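Trainee: The sequence shown begins at -8 in the working numbering and counts up one residue at a time.
Each residue gets a CB set at the ideal place from its N, CA and C atoms; glycine is no exception.
Note that this is a predicted model, so its numbers are computed, not measured.
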Amino acid sequence: MTIKKLIGMLTIYLLACQLAFAEVVEVPVKARPGSPQQYVVQPGDSLWKIAGIFLQDPWRWPGIWQNNAQIENPHLIYPGDIIVLVQTAGGLRLVVNPTDSRLSPAIISEPIGRPIPLIPLHEIAQFLDRSTAVDSGKQSDYPYVLSGVGEHVVSGAGDQVYARKLTDGVDFEIFRLGKPYIDPVTDENLGHAALYIGSASVVQSGDPAILLITQSQRETLAGDIILPPNKDLVEPNFHPHPADASLKADIIDVVDGVSQIGQYQVVVIDRGTANGVQVGHALRVFKSPADVYDSTAAEWVSLPDERAGTLLVFKVFERVSFGLVMSASMAIELGDKANGGAG
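1. Taking 8 Å as the threshold (C-beta atoms), are Ala185 and Ser131 in contact?
2. Check whether the region 198 to 209 and the region 132 to 150 touch, using three or more Cβ-Cβ pairs below 8 Å as the test.
3. Decide yes or no for the touch test of the region 281 to 297 against the region 254 to 265: beta carbon pairs closer than 8 Å, at least 3 of them.
4. Determine the burial state of Ser312: buried for a count of at least 16 other Cβ atoms within 10 Å of its Cβ, exposed for fewer.
5. Please classify Ser196: does DSSP put it in a helix, a strand, or coil?
6. Out of Ser318, Val31 and Thr211, which has the shortest C-alpha to C-alpha gap to Ser138?
7. Using DSSP bridges, identify the partner residues of Gln151.
8. Looking at Glu309 and Lys278, is the spacing between their C-beta atoms short of 8 Å?
9. Alpha carbon to alpha carbon, what distance is there between His232 and Phe292?
10. Would you tell me roughly how many angstroms separate the C-alpha atoms of Lys21 and Asp48, rounded to the nearest one?
11. For Lys129, count the other beta carbons within 10 Å of its own beta carbon; 16 or more makes it buried, fewer makes it exposed. Which is it?
12. What does a CB cutoff of less than 7 Å around His143 pick up in its chain, not counting 5 residues either side in sequence?
13. Over what stretch of residues does the alpha helix (DSSP H) that includes Phe45 continue unbroken?
14. Output yes or no for whether 8 Å exceeds the beta carbon distance between Val276 and Ile243.
15. Is the beta carbon of Glu164 less than 8 Å from the beta carbon of Pro220?
16. Please report how far the alpha carbon of His272 lies from the alpha carbon of Val86, in whole angstroms.
17. Under a Cβ-count criterion, where at least 16 other Cβ atoms within 10 Å of its own Cβ denotes burial, should Asp72 be classed as buried or exposed?
18. Sorted by chain position, which residues of the same chain lie with C-beta nearer than 6 Å to Lys239's C-beta, five sequence neighbours on each side aside?
19. With respect to the beta strand (DSSP E) encompassing Lys328, which residues constitute its N-terminal and C-terminal limits?
Below, the structure is given as structure tokens:
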């Protein structure tokens, strides 16, 4: 490669970087119309709720957050803290306890109590355990529960069950296979839902082996599959951040099975780690309106997509991800788009 070609390629690259940067800075963080100047944090609040009080796009709060240096863990917020929205030369800032005269600048204080979470954890409580997605939907591909010891039809914590095809190990988790996740464009199977049932330990090896159910969220049934412990649990206090604008996903499932999806419902999108999806990605949800017939021009017209809400990715697998709908300006449905990008 010649020096001239190298310089040309470098110039193009630098111009692309400048354009990308310009695109970012042209989308300033905007205050929500009618937002208050300050807010006192209440028990039961979440960071997302508080950010939504001040900002049009709550997920962008980390970019304007100003820590309180007088607090040992300044990124945490506690009930009783005062959040103030201020306008500076550099743009909007959210400030915690900006004029706390009770503290000397030399004193480091640690609030009493528990900090508030990023999102309403009770809305995704069942997913903060071990519910997952698996590649195959065939029971025969996994170790499985044969029956309850003592001819029990259903089993719970403290009961024993017979299990087949167990691999080496002592501790296991029990799941129930659910519906397949299908790519809406290619009809490809992206995986299967696997609902966490409970945890169990081996008390007698063999085939069948005997397991003692040590923890139970639901009744264990014959046919439930058995997997090694899942160590990749959800971290509830991740920070939201935008996904790359090239990320385009479809909503392919809603956990509660409803036809119209609203705030704080859990959805599944058809993109995962293989597509660059990360925990904390904030995605914009769009609806595609039906075509409208223009009688004047005697033709059908495709309408532009309409912004319907925002979802926050909280659990990621190879080919699918779980997201929590954080806002919905209209009913969201299966097939709606979840796209990256800011704004």
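Mentor: So, from the data block:
1. By one-based count along the sequence shown, residue 131 stands at place 140. By one-based count along the sequence shown, residue 185 stands at place 194. No, the pair does not count as a contact, with Cβ atoms beyond the cut-off.
2. yes
3. no
4. Numbered from its first residue, the sequence shown carries residue 312 at position 321. By the 10 Å Cβ count, Ser312 comes out buried.
5. Position 205 of the sequence shown holds residue 196. In this structure, Ser196 counts as coil in the three-state DSSP scheme.
6. Taking the sequence shown and counting its residues from 1, one reaches residue 138 at position 147. Ser138 has its Cα closest to that of Thr211, out of Ser318, Val31 and Thr211.
7. Position 160 of the sequence shown, counting from 1, holds the residue named residue 151. According to DSSP, which records beta bridges pairwise, Gln151 is partnered with Leu203.
8. Locating residue 278 in the sequence shown gives position 287, counting from the first residue. Locating residue 309 in the sequence shown gives position 318, counting from the first residue. In this structure, Glu309 does not lie closer than 8 Å to Lys278 by Cβ.
9. In the sequence shown, residue 292 corresponds to position 301, counting from 1. In the sequence shown, residue 232 corresponds to position 241, counting from 1. The question names Phe, but residue 292 is Val in the sequence shown. When rounded, the distance between both Cα atoms is 35 Å.
10. What you label residue 21 is simply residue 30 of the sequence shown in a count that begins at 1. What you label residue 48 is simply residue 57 of the sequence shown in a count that begins at 1. If I take the Cα positions, the gap works out to 7 Å.
11. Your numbering for residue 129 matches position 138 in the sequence shown. Exposed.
12. Stepping through the sequence shown from its first residue, residue 143 is reached at position 152. For His143, where only same-chain residues beyond five positions count, the Cβ hits under 7 Å are Asp150.
13. By one-based count along the sequence shown, residue 45 stands at place 54. Taken as a continuous stretch (DSSP letters only), the alpha helix (DSSP H) holding Phe45 covers Leu38 to Phe45.
14. For the purposes of this step, residue 276 is taken as residue 285 along the sequence shown, with counting starting at 1. For the purposes of this step, residue 243 is taken as residue 252 along the sequence shown, with counting starting at 1. Going by C-beta atoms, Val276 is not nearer than 8 Å to Ile243.
15. Here residue 164 is taken as the residue at index 173 of the sequence shown, counted from 1. Here residue 220 is taken as the residue at index 229 of the sequence shown, counted from 1. Closer than 8 Å, so yes.
16. Counting from one through the sequence shown, the residue named residue 272 turns up at place 281. Counting from one through the sequence shown, the residue named residue 86 turns up at place 95. Cα to Cα, the separation comes out at about 24 Å.
17. Stepping through the sequence shown from its first residue, residue 72 is reached at position 81. Buried, because 16 or more other Cβ atoms sit within 10 Å of the Cβ of Asp72.
18. For the purposes of this step, residue 239 is taken as the residue at position 248 of the sequence shown. So the list reads Asn330, once near-sequence residues are dropped.
19. In the sequence shown, counting from the first residue as 1, residue 328 sits at position 337. From DSSP, the beta strand (DSSP E) with Lys328 extends over Lys328 to Asn330.
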